[in-house]
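Structure record follows, encoded as structure tokens.
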Amino acid sequence: MYGEIEHEAELNVAASKAWDLYSSLQMGKLLEKELPMLQKVEVIEGDGGVGTVQKVTFKPDLQGQQASYKEKFTKIDNKNMIKEVEIVEGWYLELGFTSFRTRLQVMDKGEDSSFIKSTMEYEFKEEAAPIASLINTEILAQIALIAKIHLNNNKPPTKEDK
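With full-length UniProt numbering, the residue at position 143 of the sequence shown is 143, and numbering never jumps.
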């Protein structure tokens, strides 16, 4: 079975600046710092380009269980500002999913305006349908908000800000 969800958010910075964050390893470090459920994002192999593998570890739950997964950067298209990341071990794959991919696309809306289109695509076995029905855009919205705040806090001041 196949599923797909999508979220779009305006970032209020130039697309090139947004892409600099989304296409880099800096994004993982930002999420490690700002997402309360994350404990650590660590690079296992690679330099941030295609083929890079990161391990994402969540904080332990109330029962002391700690989930993690490994994700691989499978596409980084600087021209079209698209990055694809696929889970290659753990988490959803252990829950009955056969694939789980996230696609991030920064889209230009003008001089100091862009938006991020985030898509989760997944395939799952029939027995994982109850879990698949719980997937929503909440985490994509949270990530976009964290990126937006970070990007806007690091924006050079304009005349209006002074």
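Where is the CB? At the ideal position from N, CA and C, for every residue including glycine.
| query | result |
| --- | --- |
| Quick one: give me the first and last residue of the beta strand (DSSP E) that A9 is part of. | 2 to 10 |
| What's the C-alpha gap between T137 and T119? | 9 Å |
| Can you give the Cα-Cα distance for K55 and E89, rounded to whole angstroms? | 9 Å |
| Report the three-state DSSP secondary structure of T158 (helix, strand or coil). | Note that T158 has pLDDT 46, beneath the 50 cutoff, so the model's placement of it is unreliable and no number is given. |
| Ordered along the chain, which non-local residues of its own chain (more than five positions away) have a Cβ less than 6 Å from that of K75? | E84 |
| Reducing DSSP to helix, strand and coil, say where L25 ends up. | coil |
| Would V50 be called buried (16 or more neighbouring beta carbons within 10 Å of its own) or exposed? | exposed |
| Let me know if I149 comes out buried or exposed under the rule of 16 or more other beta-carbons within 10 Å of its beta-carbon. | exposed |
| Taking three-plus beta-carbon pairs below 8 Å as touching, is the segment 119 to 128 in contact with the segment 35 to 54? | no |
| Tell me where the alpha helix (DSSP H) around K59 begins and ends. | Taken as a continuous stretch (DSSP letters only), K59 belongs to no alpha helix (DSSP H), as it is neither H nor E. |
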